[in-house]
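Everything in the sequence shown is counted per the numbering used here, starting at 28 for the first residue and increasing by one.
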Amino acid sequence: MNEFELIERIFSQMQAAHAPLIGIEKGIGDDAAVIALPAGSRLVSCIDTLVQGRHFHANWQHIDELAFAIGYKAVAVNVSDIAAMGATPHSILLALALPERLANEQWLTKFAKGLFHACHLFGVTLIGGDTTRSERLVLSVSAQGLLAAETPAVYRSGAQVGDKVYVSGSLGDASYALQHPDSAQGVELAHRLHMPTPRIALGATLTKIGATAMIDISDGLYQDLGHICQQSSVSMRLNLELLPTSKPLASVDLSERLLCQLAGGDDYELAFTLPAHIEPPVNNSGNTLVTCIGEVTAMTNHKDTNTSTALRPKLFYQGQPVTPTHPAPFSTWPTLTGYQHFTG
Numbered sequence: 028m029n030e031f032e033l034i035e036r037i038f039s040q041m042q043a044a045h046a047p048l049i050g051i052e053k054g055i056g057d058d059a060a061v062i063a064l065p066a067g068s069r070l071v072s073c074i075d076t077l078v079q080g081r082h083f084h085a086n087w088q089h090i091d092e093l094a095f096a097i098g099y100k101a102v103a104v105n106v107s108d109i110a111a112m113g114a115t116p117h118s119i120l121l122a123l124a125l126p127e128r129l130a131n132e133q134w135l136t137k138f139a140k141g142l143f144h145a146c147h148l149f150g151v152t153l154i155g156g157d158t159t160r161s162e163r164l165v166l167s168v169s170a171q172g173l174l175a176a177e178t179p180a181v182y183r184s185g186a187q188v189g190d191k192v193y194v195s196g197s198l199g200d201a202s203y204a205l206q207h208p209d210s211a212q213g214v215e216l217a218h219r220l221h222m223p224t225p226r227i228a229l230g231a232t233l234t235k236i237g238a239t240a241m242i243d244i245s246d247g248l249y250q251d252l253g254h255i256c257q258q259s260s261v262s263m264r265l266n267l268e269l270l271p272t273s274k275p276l277a278s279v280d281l282s283e284r285l286l287c288q289l290a291g292g293d294d295y296e297l298a299f300t301l302p303a304h305i306e307p308p309v310n311n312s313g314n315t316l317v318t319c320i321g322e323v324t325a326m327t328n329h330k331d332t333n334t335s336t337a338l339r340p341k342l343f344y345q346g347q348p349v350t351p352t353h354p355a356p357f358s359t360w361p362t363l364t365g366y367q368h369f370t371g
């Protein structure tokens, strides 16, 4: 049995244990999948790629130990994008570029278990994919979601001056765990890095109550909120003392914690805006924590509308602006560009 037959056997066996969603006319086993969409529904699609040495550790022992988590996270990060649109996750496609050393039953079984565990948790079905040889492990997952006819999608471009800015969950945990894997806090927070929880129910609720803009936090809060600012032609005031913090991260030095929360990425929480008169869904499904961290403001300098200067969040700490000349609570002005996919 060659590795491609091995992959087909492992995935077919696990797929058989998961009943396909209604509406999938043809899934794995043909040139393409066929999906019957409910009348009036719109299809929401996204794709995300994870590359060994950039999105997870290059070390082979690390990859062996985290086979389950890698499979899980490949699904979760895409489902998070679907949730950020307010859609219901439906199905995924997997493209797997596999090094020869990982083409064995032990690694592939753990990886597939993680992937199908995520599919089960988030209500999606694997409907097809492709496998090829590679020197490094590369995973590309394309996810599809559905929006009912009467359900509006929430884009990045709808934020209005006066809206309140909110985030779900806690921030900075995954970044700290990545940077300090052997510390007590890093060990306690490792699950936030390897097993993120997409906020599906919260995203769906926010579409119904009138969220004006939304994004999932993958590259860092500051950078991702900057995308909303740029596409909505607004600025924001963020109050750093309000950033939601987990108990383990609260014991970390303040400036290091804030840097993880602002620029670390890998949170896969939702950042969103709501009109000031709309209360956030505090008692939402899953009881996800929702925290107001600021408000949407007008651009401070209209001459800068073609630059990132005007269309980005402004930071405040205990009522005082945080600037390059007055960086407190940081000792020096920090780099807040977040995760960079094309550097290094």
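The beta-carbon is built from N, C-alpha and C at its ideal position, and this holds for glycine as well.
Report task. Starting from Leu220, follow the beta strand (DSSP E) in both directions and report where the run begins and ends. Result -> Here Leu220 belongs to no beta strand (DSSP E); instead the alpha helix (DSSP H) covers 211-221.
Could you tell me which uninterrupted beta strand (DSSP E) segments, each at least 3 residues in length, are contained entirely in the segment 243-281, listed from first to last along the chain?
262-266, all fully within the segment 243-281.
Enclosing beta strand (DSSP E) for Glu322 [first to last residue]: 317-324
| said: Rounding to the nearest angstrom, what Cα-Cα distance links Gln308 and Gln187 in this structure? | reply: The identity of residue 308 in the sequence shown is Pro, whereas the question assumes Gln. Spanning the two alpha carbons is a distance of roughly 19 angstroms.
In the DSSP assignment, find the unbroken alpha helix (DSSP H) run with Ala176 in it and report its ends.
First-last for Ala176: undefined, no H or E at that position.
Does the distance from the C-beta atom of Leu265 to that of Gly321 stay below 7 angstroms?
yes
Q.
I'd like the list of long-range same chain contacts for Leu338, defined as Cβ closer than 6 angstroms, with 5 residues on each side in sequence excluded.
A. Cys256, Gln257
Complete beta strand (DSSP E) runs within the segment 62-135 (minimum length 3 residues, chain order)
69-78, 115-125
With DSSP run on the structure shown, which of helix, strand or coil describes Ser39? Of the three classes helix, strand and coil, the one that applies to Ser39 here is helix, per DSSP.
Quick check: what's the CA-CA separation for Thr332 versus Gln40?
Caution applies to Thr332, whose pLDDT of 49 falls short of 50 and renders its modelled position unreliable; the value that the coordinates give is listed next. Thr332 and Gln40: Cα-Cα distance of roughly 54 angstroms.
Practice item. Would you decide whether Ile236 is buried or exposed? Buried here means 16 or more other CB atoms lie within 10 Å of its CB. Key: exposed
Quiz item: What is the rounded straight-line gap between the Cα of Thr239 and the Cα of Leu301?
Solution: 6 angstroms
TODO: State the CB to CB distance for the pair Ala114 and Leu174, rounded to an integer number of angstroms; the pair is presumed to be in contact (CB under 8 angstroms).
DONE: 5 angstroms
task: Count the C-beta pairs between the segment 210-220 and the segment 87-94 that are closer than 8 angstroms, then say yes if the count reaches three, no if not.
output: no
- Message: Taking 7 angstroms as the threshold (beta carbon to beta carbon), is Gln206 in contact with chain C?
- Response: Chain labels in this structure do not include chain C; a single protein chain is all it has.
- Message: Is the beta carbon of Asp75 closer than 7 angstroms to that of Ala122?
- Response: no
Looking only at C-alpha atoms, which of Ser107, Ile51, Asp190 sits nearest to Thr324?
Checking every option, the nearest Cα to that of Thr324 belongs to Asp190.
- Query: Can you name the residues that DSSP bridges to Ser169?
  - Reply: Ile74, Leu120
I'd like to know if the segment 269-287 and the segment 222-237 are in contact, where contact means that at least 3 CB-CB pairs between them fall below 8 angstroms. no
Practice problem: Measure how close the beta-carbons of Met241 and Gly172 come, nearest whole angstrom, since I'm counting them as under 8 angstroms. | Solution: Met241 to Gly172, Cβ: 14 angstroms. No contact.
| said: So if DSSP puts Tyr344 in a beta bridge, which residue, or which two residues, is it bridged to? | reply: Gln347
- Assign Thr352 to buried or exposed, taking buried as 16 or more other Cβ atoms, counted over all protein chains shown, within 10 Å of its Cβ. Label assigned to Thr352: exposed.
Using only the alpha-carbon positions, how far apart do Ser245 and Arg128 sit?
30 angstroms
- Grouping DSSP H, G and I as helix and E and B as strand, with all else coil, what is Gly156? In the structure shown, Gly156 sits in a strand (DSSP, three-state: E or B).
Check: So Ile227 is in the alpha helix (DSSP H); what residue range does that whole segment cover?
Finding: 227-236 is the span of the alpha helix (DSSP H), which, as asked, contains Ile227.
Item to complete: Reducing DSSP to helix, strand and coil, say where Ala355 ends up.
Response: In this structure, Ala355 counts as coil in the three-state DSSP scheme.
Who pairs with Phe299 in a beta bridge, going by DSSP?
-> Tyr193, Met241
| Other residues of its chain near Val104: CB distance less than 6 angstroms, five sequence neighbours each side excluded | Setting aside the 5 residues that flank it on each side, Val104 is surrounded in the same chain by Asp75, each with a C-beta closer than 6 angstroms to its C-beta; the list follows chain order.
Around the C-beta of His304, are 16 or more other C-beta atoms found within 10 angstroms, so that it is buried, or is it exposed? exposed
Q.
Suppose you measure from the CA of Trp134 to the CA of Ile55; what does that come to, to the nearest Å?
A. Distance between the alpha carbons of Trp134 and Ile55 is about 21 angstroms.
Q. Ile51 lies in the beta strand (DSSP E); which residues open and close that run?
A. 51-53
- request: Measure from the alpha carbon of Cys73 to the alpha carbon of each residue in Ala59, Val106, Ala85, then state which is nearest.
  value: Among Ala59, Val106, Ala85, the Cα nearest to that of Cys73 belongs to Val106.
*Rounded Cβ spacing between Ala145 and Val102 (contact assumed at less than 8 angstroms)*: That pair is a contact at about 4 angstroms.
Helix, strand or coil at Ala290 [DSSP, three-state]: helix
Assuming Gln288 and Leu316 are in contact, meaning their beta carbons sit under 8 angstroms apart, how far apart are those beta carbons, in whole angstroms?
Contact flag wrong, Cβ pair sits at about 14 angstroms.
*If you run the structure through DSSP and keep just helix, strand and coil, what is His147?*
helix
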